[in-house]
Amino acid sequence: MTTWDPTDAARVTAPQEVQVVAGGTAYDVTFTEAAAADLPTVDAAYRSKYAHYASIVDHLLEDGPRSATLQVLPA
């Protein structure tokens, strides 16, 4: 995993189109802030996937990490 500094985070959270390569295919996408109404669904997914790391999951569901949740959309 790569560590991002505040400059990197600002660059990604600013409305812009970026290209993501997955499975050898390039996709044009945009990143937007996740809607508050979607956060409970994200929380449930973290709990389900990472339940065996309870101490980590608890931290990820706090306001700070939740505020960094981004949604990836097709450009």
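Residue numbers for the sequence shown, in the numbering used here: 936 to 1010. Note that CB positions come from ideal geometry on N, CA and C, so glycine has one too.
Boundaries of the beta strand (DSSP E) harbouring Ala961: Thr960 to Glu968, taken from the DSSP string.
The Cβ atoms of Ala1010 and Val956 do not sit closer than 7 Å to each other. Taking 7 Å as the cut-off, the Cβ atoms of Ala969 and Gln1006 count as close. Arg1001 is positioned such that its CB atom lies no closer than 7 Å to that of Val992. According to DSSP, Gln1006 shares a beta bridge with Thr967.
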